[in-house]
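Visitor: Chains as they are written, first to last, in my numbering: chain A, 1 to 342; chain B, 1001 to 1342; chain C, 2001 to 2342; chain D, 3001 to 3342.
There are 4 protein chains.
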Amino acid sequence: MTNIGIIGAGRIGKVHATSVQTKVPGAKVKAIADPFMNEETKEWAQGLGIEKAIKDYHEILEDPDIEAVLICSSTDTHSPISIEAIQAGKHVFCEKPIDHDVEKIKEVISTLEGKELKYQVGFNRRFDHNFAALEKAVRDGKVGTPEIVKITSRDPEPPSIDYVKVSGGMFMDMTIHDFDMARFLSGSDAEEVYVQSAVNVDPSIGEAGDVDTAIITIKMKNGVLVVIDNCRRAAYGYDQRAEVFGSDGVALIENDTANNVQIAGSEDVRSSKPLFFFLERYMDAYAEEVKQFIDAIHSGEDTPLGVKDGLEPVLMAMAAQKSNKEHRPVKIAEILADIEKD
Amino acid sequence: MTNIGIIGAGRIGKVHATSVQTKVPGAKVKAIADPFMNEETKEWAQGLGIEKAIKDYHEILEDPDIEAVLICSSTDTHSPISIEAIQAGKHVFCEKPIDHDVEKIKEVISTLEGKELKYQVGFNRRFDHNFAALEKAVRDGKVGTPEIVKITSRDPEPPSIDYVKVSGGMFMDMTIHDFDMARFLSGSDAEEVYVQSAVNVDPSIGEAGDVDTAIITIKMKNGVLVVIDNCRRAAYGYDQRAEVFGSDGVALIENDTANNVQIAGSEDVRSSKPLFFFLERYMDAYAEEVKQFIDAIHSGEDTPLGVKDGLEPVLMAMAAQKSNKEHRPVKIAEILADIEKD
Amino acid sequence: MTNIGIIGAGRIGKVHATSVQTKVPGAKVKAIADPFMNEETKEWAQGLGIEKAIKDYHEILEDPDIEAVLICSSTDTHSPISIEAIQAGKHVFCEKPIDHDVEKIKEVISTLEGKELKYQVGFNRRFDHNFAALEKAVRDGKVGTPEIVKITSRDPEPPSIDYVKVSGGMFMDMTIHDFDMARFLSGSDAEEVYVQSAVNVDPSIGEAGDVDTAIITIKMKNGVLVVIDNCRRAAYGYDQRAEVFGSDGVALIENDTANNVQIAGSEDVRSSKPLFFFLERYMDAYAEEVKQFIDAIHSGEDTPLGVKDGLEPVLMAMAAQKSNKEHRPVKIAEILADIEKD
Amino acid sequence: MTNIGIIGAGRIGKVHATSVQTKVPGAKVKAIADPFMNEETKEWAQGLGIEKAIKDYHEILEDPDIEAVLICSSTDTHSPISIEAIQAGKHVFCEKPIDHDVEKIKEVISTLEGKELKYQVGFNRRFDHNFAALEKAVRDGKVGTPEIVKITSRDPEPPSIDYVKVSGGMFMDMTIHDFDMARFLSGSDAEEVYVQSAVNVDPSIGEAGDVDTAIITIKMKNGVLVVIDNCRRAAYGYDQRAEVFGSDGVALIENDTANNVQIAGSEDVRSSKPLFFFLERYMDAYAEEVKQFIDAIHSGEDTPLGVKDGLEPVLMAMAAQKSNKEHRPVKIAEILADIEKD
């Protein structure tokens, strides 16, 4: 039985705690820490059989019974806590993104070096039943050599403008999942990114220096062309589709719905719109990613998404930001050179 | 080039004339006859390149250049004109049903005996792209041994009560197509029929001694169980679906629609309802059945639907009528014995 | 917090225990009893935070802290334990069927009389996301007045012949769920049942006096016609579809699949077959039915499925058995008269 | 009755001739001209009731009974014959593209000026049942304000390399239809085009200086972002889909198939791939565009696709060519300036 500590008891921390306690054999949450720990959360933790619900995550890092931590705290603490946890000898599962700052991700990488510890970054979408089956079909050669990947990713509604301002921008906050999908489905890293964008949803997003709508074209290193279309608002719900076209065919996935009732009447045929809420849509994926993290600890094999998989999408987001600003295609190599220079 | 005469210039006669002139290579309509032939129809015929548009179909039967006739006149004339046409040495394509009276169908059969003439009955649905592909899938073994056939057949709206009164009843007029489908999809003749019915659409249909809604269960001679559900009205259009379940799987067909637009909004996803009008739904099937009739004349092979295929559904309709009246399963053998007795 | 006792720690008992502990707020399992209780199950119970894992269910009935029991033991014990539990003052959730013997169900009914206790029978399908949404659409008038209900229910593979022999026969064991659906979707009790059946899957099922394939036509008291098609084997998985046709339209549900990947290649387009295993298909429904049972205890309102809802499908199964044997339609009234006579 | 002359008796000329004769009331083909006119084509014309099948199209232009011509000759003759026909006082339906050379299109425009003649360019896709219904949904406000248009357009197989060399390149030959769709579905002209391309299908296409795969991003003047993905080869057939996303929802269209049979077996569910051949896919659209051309002549209203609609997609193709060559976004204004300069 692997003892787990969870750092951060917000929405996603609670999701992971519930997953481990009810769906992940061979692991249990021993402690959960949050600076805003309150009575309600303590009771919830007790109800799930979690021994300790505390304020200070250092208690988790110091507990020799705890082998692994899930970092579910605010984004700006992901990389420093990652480093502390690694130094404390814990396996780490870290919510995405590791950091918006490439240098800090590199510190995590160098801290990990030479240690026999597992590190996994929380790009949950790879563990979704549809996306995972799509990638498997491609990997199994069902479409031949991949040539075009298309990803539709539209949020049901925009975040608050306060969040937008600290989010790192749409490419770093929202498209980052799609950048991960581009790598996952094409089987390659990116070479060049081009963005055509708009502010359609809310002018205050534009005033904050961000965009809310974009078409992103990416050339991957293996020659696959990827196109992502994003919007911060979709009237019909959370729109999460993808398609991989190759030399022998095409594989695609549609949205999930709450039920499959179809009603035909004198006007038309009506059916359910896509699920609205990302937690509803990806609940099983959140459980699956943690399960695979635990499996990697037990088997000694690599986690499915290592720290490099946390770095690459950040580079793609930076290239997208620069392309959007300068209105031209931008190579990842150029971003790396920019970083060197700084 | 096979010269065709068409007897009857009503809706279906015109459909067949247009098909032959524009879609059936190797045949052309030389003459069309209708007791109510008028100027408008004459002009229409001329526009299609039909030489003669006349009142008396005997001119067609007497024309030695005409090899084949399509009988599209009123139902009560189908069997007598069939007999005249056969005696005049013409190949015959006869709209369904040949007759409501089994004795008259048998007269057509005996008139045909010993003659080198083709006879085809117009069960158009066998030539529909969906039904034909479904039957082919079954025949090719895609579902293993067939065990259950399900046929949904609902008209968009009931005929006039005047028509209902002369129609021979729902089983003879509407279900007759489904009885043909039962034979087509099961690959067998019927052994026993059971009906559970209702009058839901219009009480005057009940007052006329007919029903407008029914579940019909049929045991075929090869053991396949068939269930047909009928209604004389469907708010959403012409509902024509089927399913064949077998030892290795199931094959099914859905309705056709005018287009495949899907619109997802804040309420639901909307798409087109099924096509409403039978001519719209089966236009290509009407052309295909005539094309295969002409092909049979040219090749010398049997037509895809001989005169026996016109008889069997009538026997099934009679069994359905008796089952409905006596509220018990009725065997086809019992119907045949009844006919013998009369 | 409502304390629950679970009687029976087999497959379904474990499913319900997990549901209560992780998905049903306001309730927790205090004890689980099973005559074959072993170390492995004890550990599993402990992991879920269940205090007591015991052999004798009487400990549960005698525990004043336990307000409600879930009866998940073998079918033959459902009615006697129901009676004991009611007499001990517990609310009862009882797995289907309450009993194959109508007299025993009536004993449960009379034991309940005058008591302020909740009783729910476990027809889980009513709580499935698709079936529940279909019924809601009908109840909300989306199809007008219901006229035809069609239910397809095919198991992926037949049970062992040993199970078949003690199962009460296909109608009592498998179709019983569909009889419940007939009542649920039509909004009425049954009046008359007609069966046309076959033995296609395994001759030894026939030798055991049972059937494995059937078309069942039911006339409901409100005039709705229901048709159920059953098979004990479907090569493509667990086939669970339904359709309600009414004066204003039709509503229907399809099967659920593991994912919605579509792969188009040079031959055809391929997608996932239906889920194979009933627990996978109905896992959420099992949680939802228990949740609603707990809700009824808390709110004081009726459970969604009372003891009468356990009785009616048994009467329908008996009518089906008699129809199948005597090859004629059989009224429920006739079954009730038979019972009176005995 | 409007007399039509058809110039060019190749594949598309024959399609239009058949459409007019059988599906367009109020018009008939009086003559068809082709420099390679032969006996076989003459017989075919006679069978359709076309009076004259000749070699020299000038006979058509000189025939005072002929009011309108359909120009179906080779691409390089489209603009000169358009001009001759306009000068001869004929209404003109011209197959796409009018010309690859903008100057020549402008000559057609200036020749038309001040004349009461109809001119229509043959972008057939606008008349397809799916694309037309999609555009209507958008125009009717079903998705609110359009923001993103996505067009998938993949040919089943590449043309011969000989054709590729004279085709004007993929953007001018194939994407030109998609550029028209971009304008049709967005309701706007284009402002800027960016291309990311590849040669995946056949290296000899690359050697000929062309590409066979591309992602094309377009910003329209009204702010709508359009993305087109093209490939000269799709193993599963002719892939023609589109999607319009807007402030209130999304509308999309799928491919058409030969039939809708679904076969579920022990492996998966199989259904028909998209139609393979463009004539099969768009046969009805070819008839509808000519019908609307004739309707415009009769009503005096504008044709649905005037000569400007022939010009704009050529400008977009030129911008795509330049973007592809210089690997940067290119504005239509820049292309117009280039033309001015020349």
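Heads up, the beta-carbon is just placed ideally off N, CA and C, and yes, glycines get one too.
None of these values were measured; they are calculated from a predicted model.
1. Any beta carbon of chain C sitting closer than 8 Å to that of A/Val164?
2. Between D/Arg3270 and chain C, is the shortest Cβ-Cβ distance under 8 Å, so that the two count as touching?
3. Check whether chain B comes within 8 Å of D/His3298, counting only Cβ atoms and requiring the distance to be less than that.
4. Once DSSP output is grouped into helix, strand and coil, what is the label at A/Ser284?
5. Can you tell me whether B/Ser1074 is buried or exposed, with buried defined as 16 or more other CB within 10 angstroms of its CB?
6. Assign C/Thr2145 to one of three DSSP states: helix, strand, or coil.
7. DSSP state of A/Asp180, grouped into three classes?
8. Note down, in chain order, each residue of its chain lying with its Cβ closer than 6 Å to the Cβ of D/Ala3214, except the 5 sequence neighbours on either side.
9. Applying a beta-carbon distance threshold of less than 7 Å, which residues of chain D neighbour A/Phe131?
10. Out of A/Ser272, A/Tyr57, A/Tyr163, which has the shortest C-alpha to C-alpha gap to C/Ile2253?
11. Grouping DSSP H, G and I as helix and E and B as strand, with all else coil, what is A/Thr303?
12. State whether the region 2112 to 2128 of chain C contacts the region 2275 to 2289 of chain C, with contact taken as three or more CB pairs (one from each stretch) at a distance under 8 Å.
13. C/Pro2158 and C/Val2201: beta carbons closer than 8 Å?
14. For B/Lys1052, write down the residues that DSSP places opposite it in a beta bridge.
15. Beta-carbon within less than 6 Å of B/Pro1304's beta-carbon, same chain only, minus the 5 sequence neighbours each way: which residues are those?
16. Please list the partners that C/Gln2262 has in chain A, where partner means a Cβ-to-Cβ separation under 9 Å.
17. Examine chain C for any beta-carbon lying closer than 8 Å to the beta-carbon of D/Tyr3238, and answer yes or no.
18. Which residue's Cα is closest to the Cα of D/Thr3152: A/Ile332, A/Val227, A/Gln321, A/His58?
19. I want to verify the contact list: residues of chain C whose CB lies under 8 Å from the CB of A/Lys142, in sequence order.
20. Less than 8 Å separating the beta-carbons of D/Ala3347 and D/Ala3132?
21. Could you tell me the distance, in whole angstroms, from the CA atom of C/Glu2116 to the CA atom of C/Val2307?
22. Let's see if you can read the secondary structure: which residues bound the alpha helix (DSSP H) around A/Gly206?
23. Using a cut-off of 7 Å between C-beta atoms, extract the partners of B/Lys1150 located in chain C.
24. Report yes or no: is there a C-beta of chain A within less than 8 Å of the C-beta of D/Phe3127?
25. Would you please verify whether the beta carbon of C/Asn2222 is less than 8 Å from any beta carbon of chain B?
26. Leaving out five residues before and five after B/Ala1088 in sequence, what residues of the same chain have Cβ atoms less than 8 Å from its Cβ?
27. At the level of alpha carbons, what is the spacing between C/Gln2240 and D/Phe3276?
28. DSSP three-state call for C/Asn2124: helix, strand or coil?
29. Does DSSP put B/Lys1325 in a helix, a strand or coil?
30. If you measure from the beta carbon of B/Glu1147 to each beta carbon in chain C, is any gap under 8 Å?
31. By DSSP, does D/Ser3271 sit in helix, in strand, or in coil?
32. Could one say the Cβ of D/Ala3258 lies closer than 8 Å to chain A's Cβ atoms, at least one of them?
33. So C/Val2149 and A/Ile263 are supposed to be a Cβ contact under 8 Å. How far apart are they, rounded?
34. Flag this pair as yes or no: are the beta carbons of A/Glu243 and A/Pro329 separated by less than 8 Å?
35. Kindly list the residues whose CB is nearer than 6 Å to the CB of A/Phe123, restricted to its own chain and excluding five residues on each side of it in sequence; keep chain order.
36. Where does the unbroken alpha helix (DSSP H) through D/Ile3086 begin, and where does it stop?
Guide: Taking the definition as stated:
1. The residue you call residue 164 of chain A lines up with position 164 of the first sequence. It does not: the Cβ of A/Val164 has no partner Cβ on chain C nearer than 8 Å.
2. As a first step, residue 3270 of chain D must be located in the fourth sequence, where it is residue number 270. So yes, D/Arg3270 belongs to the interface.
3. Position 298 of the fourth sequence holds residue 3298 of chain D. No, no contact with chain B.
4. The residue you call residue 284 of chain A lines up with position 284 of the first sequence. For the sequence presented, residue 284 of chain A should be read as Asp rather than Ser. Note: A/Asp284 maps to helix in three-state DSSP.
5. By one-based count along the second sequence, residue 1074 of chain B stands at place 74. Counting Cβ neighbours within 10 Å, B/Ser1074 comes out exposed, since fewer than 16 surround it.
6. In the third sequence, counting from the first residue as 1, residue 2145 of chain C sits at position 145. In the structure shown, C/Thr2145 sits in coil (DSSP, three-state: anything other than H, G, I, E or B).
7. For the purposes of this step, residue 180 of chain A is taken as the residue at position 180 of the first sequence. Residue state for A/Asp180 is assigned as helix, using DSSP reduced to three classes.
8. Taking the first residue of the fourth sequence as position 1, residue 3214 of chain D is located at position 214. Same-chain partners within the cutoff: Val3195, Ser3197, Asn3230.
9. Residue numbering aside, residue 131 of chain A sits at position 131 when the first sequence is read from its first letter. Result: empty, since nearest Cβ-Cβ is about 19 Å, beyond 7 Å.
10. Taking the first residue of the third sequence as 1, we reach residue 2253 of chain C at position 253. C/Ile2253 has its Cα closest to that of A/Ser272, out of A/Ser272, A/Tyr57, A/Tyr163.
11. As a first step, residue 303 of chain A is located in the first sequence; it is residue number 303 there, counting from the start. DSSP places A/Thr303 in coil when its eight states are reduced to three.
12. yes
13. Position 158 of the third sequence, counted from the start, is the residue given in the question as residue 2158 of chain C. Position 201 of the third sequence, counted from the start, is the residue given in the question as residue 2201 of chain C. Cβ atoms of C/Pro2158 and C/Val2201: closer than 8 Å.
14. For this step, residue 1052 of chain B is matched to residue 52 along the second sequence. BP columns for B/Lys1052 point to B/Ala1031.
15. One-based indexing of the second sequence puts residue 1304 of chain B at position 304. Excluding sequence neighbours, B/Pro1304 sits near Gln1292.
16. Working through the third sequence from its first residue, we reach residue 2262 of chain C at position 262. In chain order: Val250, Ala251, Leu252, Ile253, Glu254.
17. Looking up residue 3238 of chain D in the fourth sequence gives position 238. It does not: the Cβ of D/Tyr3238 has no partner Cβ on chain C nearer than 8 Å.
18. Here residue 3152 of chain D is taken as the residue at index 152 of the fourth sequence, counted from 1. The option with the nearest alpha carbon to D/Thr3152 is A/Val227.
19. Working through the first sequence from its first residue, we reach residue 142 of chain A at position 142. Result: Ile2263, Gly2265.
20. The question about residue 3347 of chain D has no answer, for chain D in this structure spans 3001 to 3342.
21. Mapped onto the third sequence, residue 2116 of chain C falls at position 116. Mapped onto the third sequence, residue 2307 of chain C falls at position 307. Approximately 14 Å, taken between the alpha carbons.
22. As a position in the first sequence, residue 206 of chain A is number 206, starting the count at 1. Annotation: the continuous alpha helix (DSSP H) that includes A/Gly206 extends over 203 to 207.
23. On the second sequence, position 150 is the one that residue 1150 of chain B refers to. Going along chain C in sequence order, the residues near B/Lys1150 (Cβ under 7 Å) are Asp2229.
24. Counting from one through the fourth sequence, the residue named residue 3127 of chain D turns up at place 127. No, its Cβ sits nowhere closer than 8 Å to a Cβ of chain A.
25. For this step, residue 2222 of chain C is matched to residue 222 along the third sequence. So no, C/Asn2222 is outside the interface.
26. As a working mapping, residue 1088 of chain B is identified with position 88 in the second sequence. Excluding sequence positions up to five before and after B/Ala1088, its CB lies within less than 8 Å of the CB of Leu1061, Glu1062, all in the same chain and listed in chain order.
27. Within the third sequence, the letter at position 240 stands for residue 2240 of chain C. Within the fourth sequence, the letter at position 276 stands for residue 3276 of chain D. Cα to Cα, the separation comes out at about 34 Å.
28. The residue given as residue 2124 of chain C occupies position 124 in the third sequence. In the structure shown, C/Asn2124 sits in a helix (DSSP, three-state: H, G or I).
29. Reading the second sequence from its first residue, position 325 is the one you call residue 1325 of chain B. If DSSP states are grouped into helix, strand and coil, B/Lys1325 belongs with the helices.
30. Within the second sequence, numbered from 1, the residue matching residue 1147 of chain B stands at position 147. At least one chain C Cβ lies under 8 Å of B/Glu1147.
31. On the fourth sequence, position 271 is the one that residue 3271 of chain D refers to. Strand, per DSSP.
32. Looking up residue 3258 of chain D in the fourth sequence gives position 258. False, the Cβ-Cβ gap to chain A never drops below 8 Å.
33. Counted from its first residue, the third sequence places residue 2149 of chain C at position 149. Counted from its first residue, the first sequence places residue 263 of chain A at position 263. With a Cβ gap of about 15 Å, C/Val2149 and A/Ile263 do not count as contacting.
34. The count along the first sequence starts at 1 and reaches residue 243 of chain A at position 243. The count along the first sequence starts at 1 and reaches residue 329 of chain A at position 329. Going by C-beta atoms, A/Glu243 is not nearer than 8 Å to A/Pro329.
35. On the first sequence, residue 123 of chain A is found 123 positions in, with the first residue counted as 1. Excluding positions up to five away in sequence, the list reads Lys96, Asp180, Leu305.
36. Reading the fourth sequence from its first residue, position 86 is the one you call residue 3086 of chain D. Unbroken alpha helix (DSSP H) run through D/Ile3086: 3078 to 3087.
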